[in-house]
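Read in order, the letters of the sequence shown are residues 1 to 326 in our numbering. For glycine and all other residues, C-beta sits at the position ideal for the given N, C-alpha and C. Remarks on the structure that follows.
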Amino acid sequence: MEKQLHSLVFPVYNEEGNLNELYEKTTSIIDSLDEYEFEMIFVNDGSFDRTLEMLKEYASKDNRIKIISFSRNFGHQTAITAGIDASQGLTAIILDSDLQDPPSLIPKMIEKWKEGYNVVYAKRLRRKGESFFKLITAKLFYRMLYLVTRINIPLDTGDFRLIDRYVIDCLRQLPERNRYIRGLVTWIGFRQTGVEYERDQRHWGKTKYPFGKMMKLALDGISSFSVLPLKLASYFGFAMAFFSLVYILYIFYVKFFAKGLVQGWTSTVILISLFGGIQLICLGIIGEYIARIFDESKKRPLYIIKEVVNLSDKQKEFIEERKSKI
Ligand code: UDP
Ligand code: MG
Numbered sequence: 001m002e003k004q005l006h007s008l009v010f011p012v013y014n015e016e017g018n019l020n021e022l023y024e025k026t027t028s029i030i031d032s033l034d035e036y037e038f039e040m041i042f043v044n045d046g047s048f049d050r051t052l053e054m055l056k057e058y059a060s061k062d063n064r065i066k067i068i069s070f071s072r073n074f075g076h077q078t079a080i081t082a083g084i085d086a087s088q089g090l091t092a093i094i095l096d097s098d099l100q101d102p103p104s105l106i107p108k109m110i111e112k113w114k115e116g117y118n119v120v121y122a123k124r125l126r127r128k129g130e131s132f133f134k135l136i137t138a139k140l141f142y143r144m145l146y147l148v149t150r151i152n153i154p155l156d157t158g159d160f161r162l163i164d165r166y167v168i169d170c171l172r173q174l175p176e177r178n179r180y181i182r183g184l185v186t187w188i189g190f191r192q193t194g195v196e197y198e199r200d201q202r203h204w205g206k207t208k209y210p211f212g213k214m215m216k217l218a219l220d221g222i223s224s225f226s227v228l229p230l231k232l233a234s235y236f237g238f239a240m241a242f243f244s245l246v247y248i249l250y251i252f253y254v255k256f257f258a259k260g261l262v263q264g265w266t267s268t269v270i271l272i273s274l275f276g277g278i279q280l281i282c283l284g285i286i287g288e289y290i291a292r293i294f295d296e297s298k299k300r301p302l303y304i305i306k307e308v309v310n311l312s313d314k315q316k317e318f319i320e321e322r323k324s325k326i
């Protein structure tokens, strides 16, 4: 009987110091699961260290290793998208390449899938060795996202998850550019469940998610699943207009009945700066949405590939299909 194939998807951006350990750990796990077959899809997201060179070396010895190499850095979520696009397995498991997502969880995820779940996400119990700032902003963000989106994105999960063929095929149909994969997967639905794990420290190197990229991801998460910020802006506008009406009555009262009229520098400056600030924030919120509409309307391809290694013809076709989805 032919063995079931599962795909592992690794986005990689300058991870030369992690690849050896990652390769060793992952292969030792998948070699122990000899009832299945695996392919490891590495998406090189414009690395400028030895990452690609090392991957090619592995790929020349081990044809389970497949490489998709981008022409430049397109970002983590785009790299995952390309990996999923090219996956041929019954399931795809998405893992970070810094060993923060332990490959030892793979068997457990596949077990859950066999129980009939379409998505098995990994839920972080604890996160070791990350800065207080990252922990607190991540916690706050996930809870806020839960409040503003109607979609029940599981708390404290990243992109580390197994998705099965149904979900993969749906994801491959979604053309949008500003992708927030964990949100999209939740949005797609089907039967989802979680397994818990303790998140280790990054094995080597520094995070590839500086504050700017984190903000972009957070804003993508909110703006692609909720228009609440826009609504809040208009609710706030109404509230302020009502408040101004009351204030105007007060001003008329002062004008006609009170003495010492020319005072009021403080309140004038406060009102101008307060309203100026609020207006700019509201414009900014609208701007975030317009920028995304603009991005979508350009209809550029999601990613550009410089080279591929060990991909089958079917996988190349899969990738071509993405272009026709624009
Ligand atoms: N990554 C990527 N492109 C980027 C940034 C990150 O492919 O522009 C990869 C990175 O190599 C890693 C994964 O995405 O495999 C998660 O990144 P990182 O560990 O830096 O994020 P953190 O765990 O700090 O949130
Ligand atoms: Mg990491």
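Asked: Let me see if you follow: with CB-CB separation under 8 Å, is residue 122 close to chain C or not?; Found: Going by chain labels, chain C is absent from the structure shown, which holds only one protein chain.
Asked: Spatial neighbours of residue 109 within its chain, please: CB distance less than 7 Å, with the 5 preceding and 5 following residues excluded, ordered by chain position.; Found: 93, 120, 162 and 195
Asked: Please state whether DSSP places residue 243 in a helix, a strand or coil.; Found: helix
Asked: Anything with a beta carbon under 7 Å from a heavy atom of ligand 2 counts; list them all in chain order.; Found: 96, 98, 100, 202 and 207
Asked: Should residue 167 be listed as close to ligand 1, given that the test is whether its C-beta is under 7 Å from any heavy atom?; Found: no
Asked: Looking only at C-alpha atoms, which of 211, 224, 197 and 204 sits nearest to residue 185?; Found: 224
Asked: Does the Cβ of residue 83 lie closer than 7 Å to at least one heavy atom of ligand 1?; Found: no
Asked: Which value, in whole angstroms, describes the spacing of the CA atoms of residue 304 and residue 54?; Found: 21 Å
Asked: Is it the case that the segment 214 to 232 contacts the segment 140 to 152, given that we only count it when at least three CB pairs across the two stretches are under 8 Å?; Found: yes
Asked: Is it buried or exposed, residue 47, if we count other Cβ atoms within 10 angstroms and call 16 or more buried?; Found: buried
Asked: Over what stretch of residues does the beta strand (DSSP E) that includes residue 107 continue unbroken?; Found: That residue, residue 107, is in no beta strand (DSSP E); its alpha helix (DSSP H) goes 106 to 114.
Asked: Quick check on residue 30: buried or exposed, where buried means 16 or more other Cβ atoms within 10 Å of its Cβ?; Found: buried
Asked: Return yes when at least one heavy atom of ligand 1 lies under 7 Å from the C-beta of residue 75, else no.; Found: yes
Asked: Alpha carbon to alpha carbon, how far is residue 280 from residue 61?; Found: 57 Å
Asked: Give every residue of the same chain whose Cβ lies closer than 8 Å to the Cβ of residue 187, excluding the five residues on either side of it in the sequence, and list them in chain order.; Found: 151 and 225
Asked: To the nearest angstrom, report how far apart residue 158 and residue 139 are at their CA atoms.; Found: 12 Å
Asked: Label residue 85 either buried or exposed according to how many other C-beta atoms from any shown protein chain fall within 10 Å of its C-beta, with 16 as the threshold for buried.; Found: buried
Asked: Between residue 156 and ligand 1, is there a pair consisting of the residue's CB and a ligand heavy atom that are separated by less than 7 Å?; Found: no
Asked: Determine the direct distance from the alpha carbon of residue 264 to that of residue 248, and round the result to whole angstroms.; Found: 14 Å
Asked: Start and end of the alpha helix (DSSP H) containing residue 320?; Found: 313 to 324
Asked: Could you please give me the residues that DSSP links to residue 164 through a beta bridge?; Found: 91
Asked: Under three-state DSSP, which class holds residue 149?; Found: coil
Asked: What are the boundary residues of the beta strand (DSSP E) that includes residue 328?; Found: Residue 328 is absent from the structure shown; the chain starts at 1 and stops at 326.
Asked: According to the neighbour-count rule (16 or more other Cβ atoms, all chains shown, within 10 Å of its Cβ), is residue 277 buried or exposed?; Found: exposed
Asked: When we look at the beta-carbon of residue 1 and count the other beta-carbons within 10 Å, is it buried (16 or more) or exposed?; Found: exposed
Asked: Return yes when at least one heavy atom of ligand 1 lies under 7 Å from the C-beta of residue 92, else no.; Found: no
Asked: Which whole runs of the beta strand (DSSP E) in the segment 182 to 207 are 3 residues long or more, in chain order?; Found: 192 to 199
Asked: Just confirm the distance between the C-beta atoms of residue 289 and residue 193, as a whole number of angstroms; I'd bet it's less than 8 Å.; Found: With a Cβ gap of about 33 Å, residue 289 and residue 193 do not count as contacting.
Asked: Using DSSP with H/G/I as helix, E/B as strand and the rest coil, what is residue 225?; Found: helix
Asked: What number of angstroms, rounded off, separates the C-alpha of residue 100 from the C-alpha of residue 286?; Found: 36 Å
Asked: Determine the closest residue to residue 322 out of 82, 57 and 24, with distance taken between C-alpha atoms.; Found: 82
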